[in-house]
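Protein chains: 2
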Amino acid sequence: MRPPKVEDQALLDGLMAVLRAKGYEGSSLNELAGSSGLQKASLYHRFPGGKKEITLAVLHYVHEWIRKYIYERLTDQSLSPAERLGDVIQSIHSLYQGGEKSCILKALSMDSSVELFREEIKESMQRWIDGFTALGVDYGFTRDAAQEKAFQVLIAIQGSLIVSKGLGSTAPFVAAVEAIEKMYREV
Amino acid sequence: MRPPKVEDQALLDGLMAVLRAKGYEGSSLNELAGSSGLQKASLYHRFPGGKKEITLAVLHYVHEWIRKYIYERLTDQSLSPAERLGDVIQSIHSLYQGGEKSCILKALSMDSSVELFREEIKESMQRWIDGFTALGVDYGFTRDAAQEKAFQVLIAIQGSLIVSKGLGSTAPFVAAVEAIEKMYREV
DNA sequence: GTCTATAGGAAGATAGAC
DNA sequence: GTCTATCTTCCTATAGAC
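The listed protein sequences correspond, in order, to chains G and R. Using the numbering used here, the first residue of the first sequence is number 1, and each one after it goes up by one. Using the numbering used here, the first residue of the second sequence is number 1001, and each one after it goes up by one.
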């Protein structure tokens, strides 16, 4: 087996960058290949199913990222709820580069692509919500109240990213993240 | 002048439906034409600039809609703030079909398309925020507090639409709209 | 103003050499 | 495992008849 020119992780990072920025329809295989320095045909060697399989691989990668850096940290019983929240807020900041980058779950939620990736998008969002629900419970909220807050967190992140993009300023995202911290800490 | 087969309003409604569902890159001219029963070449007759001009026309149409059904109603001094809010909540429900339909401002906010329509998206979002800021002021909030609430409204709508789409349920959108009403009425 | 037909190019996908 | 070259299909856009 000849060693790959580009490692899996670097490859997936590049592919994700294109998909989150341009969406499924907007991402061409040339761009996807170019993002990691490979040629189109080499991408097909790694992902025989073409663009759909590439996108599924990226979604799986994202799902693992959320499990590791959102869900597991939010449910880590060896830390206080406040410490966990602080950690995860940092992860979120780096994931979206302080509001500069889009969310791939949003980028793939056009009618034409959500159809192809419904289950994967749903699972990632659900994992995110489950993590924050657990955090809310550990903060002392009832399960219902904690879940409601968890939805508000996901909605605030997604919404503020769109508004930031639309207005050309990261301020809405930054303010939304601060509001999330306040929402838990003020109680 | 031969009368048009499809009136401007019906044409724009069809074009908007495609663009909001599939985004800029995802909408082909065949689909755009088909949405109103015209042929591709007829679309070029009405919009010589092609897809870009079509999208600009739809964005202008959307901007006028927001001015008329969001901004003007929110600033209509002949009604009480509560009446205005109720009216506009209804408009929002119908615009997004209770959470089933996407927002075209979101659909066009991929990196590849926001580049082309930056100003138009920004103006529409700003008009929306200005309307809700005025409402908040008339509810008795300071200008700063009113503007913060206005941002929260736009963020909650955009975010809940994405989460609704991702989870395959309109519940998040419906809950978000109810929370918006509560946010103003509870004070 | 609308249509059919088509040019010209970019897209997704494959073949086969190295 | 990666590459160049190529196939086919779809796309944007235009020409010209009605």
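Built from N, CA and C at the ideal position, the CB exists for glycine as well.
Contact check, S1036/R vs L1011/R, beta carbons under 7 Å: Working through the second sequence from its first residue, we reach residue 1036/R at position 36. Working through the second sequence from its first residue, we reach residue 1011/R at position 11. The answer is yes: Cβ separation under 7 Å.
Sequence-distant residues of its chain with Cβ nearer than 7 Å to E1123/R (five each side left out): As a working note, residue 1123/R is residue 123 in the second sequence. Only H1063 meet the Cβ criterion.
K5/G versus E31/G, E25/G, L43/G and A146/G, residue with shortest Cα-Cα distance: Counted from its first residue, the first sequence places residue 5/G at position 5. Checking every option, the nearest Cα to that of K5/G belongs to L43/G.
Neighbour flag for L1074/R against chain G, beta carbons, 7 Å: Along the second sequence, read from residue 1 onward, the residue named residue 1074/R stands at position 74. No, L1074/R does not count as interfacial toward chain G.
Distance between G1166/R and M125/G (C-alpha atoms, nearest Å): Position 125 of the first sequence, counting from 1, holds the residue named residue 125/G. Position 166 of the second sequence, counting from 1, holds the residue named residue 1166/R. Roughly 7 Å separates the two Cα atoms.
I162/G versus W1065/R: straight-line alpha-carbon distance, rounded: By 1-based counting over the first sequence, the position of residue 162/G is 162. By 1-based counting over the second sequence, the position of residue 1065/R is 65. Answer to the nearest angstrom: the Cα atoms are 20 Å apart.
Partner residues on chain R for R118/G, Cβ-Cβ distance less than 9 Å: In the first sequence, residue 118/G corresponds to position 118, counting from 1. What R118/G touches in chain R: G1166 and G1168.
Among G23/G, Y61/G, E7/G and S164/G, the one whose alpha carbon lies nearest that of I1129/R: Start at 1 with the first residue of the second sequence, and residue 1129/R comes out as number 129. It is S164/G.
Whether V153/G touches F173/G by CB criterion (7 Å): Residue 153/G sits at position 153 when you count from the first residue of the first sequence. Residue 173/G sits at position 173 when you count from the first residue of the first sequence. The answer is no: Cβ separation not under 7 Å.
Interface flag, S1160/R vs chain G, CB-CB below 7 Å: Position 160 of the second sequence, counted from the start, is the residue given in the question as residue 1160/R. By this cut-off, S1160/R is an interface position.
Rounded separation between R1118/R and Y61/G - CA only: Translated into the one-based positions of the second sequence, residue 1118/R becomes position 118. Translated into the one-based positions of the first sequence, residue 61/G becomes position 61. If you take the alpha carbons of R1118/R and Y61/G, they lie about 31 Å apart.
Outcome for S113/G when other beta-carbon atoms lying within 10 angstroms are tallied against a minimum of 16: In the first sequence, counting from the first residue as 1, residue 113/G sits at position 113. By the neighbour-count rule (16 or more Cβ atoms within 10 Å), S113/G is buried.
Check: E100/G C-beta below 6 Å from any heavy atom of the ligand GDP: Looking for the ligand GDP in the displayed structure turns up nothing, as the structure carries no ligands at all.
Where the alpha helix (DSSP H) through I1070/R begins and ends: Here the question's residue 1070/R lines up with position 70 in the second sequence. Per DSSP, I1070/R belongs to no alpha helix (DSSP H) and is neither H nor E.
Cβ neighbour criterion (16 or more within 10 Å) applied to K1051/R: By 1-based counting over the second sequence, the position of residue 1051/R is 51. Per the 10 Å Cβ criterion, buried.
C-beta neighbour in chain G for M1125/R, strict 7 Å: Taking the first residue of the second sequence as 1, we reach residue 1125/R at position 125. It does; some Cβ of chain G falls within 7 Å.
Assigned exposure category for R1020/R - 16 Cβ within 10 Å defines buried: Counting from 1 along the second sequence, the entry for residue 1020/R is found at position 20. Flag for R1020/R reads buried.
Contact set for Q158/G: own chain, Cβ-Cβ below 7 Å, skip 5 residues either direction: Along the first sequence, one-based indexing puts residue 158/G at 158. Answer for Q158/G: C103 and K106, listed in chain order.
Contact set between the stretch 1133-1155 of chain R and chain G, restricted to residues whose Cβ is under 7 Å from the partner: F1151, L1154 and I1155
Any chain R beta carbon closer than 7 Å to L32/G: Counted from its first residue, the first sequence places residue 32/G at position 32. It does not; no Cβ of chain R falls within 7 Å.
Interfacial residues, the stretch 10-21 of chain G to chain R, with Cβ spacing under 9 Å: R20 and A21
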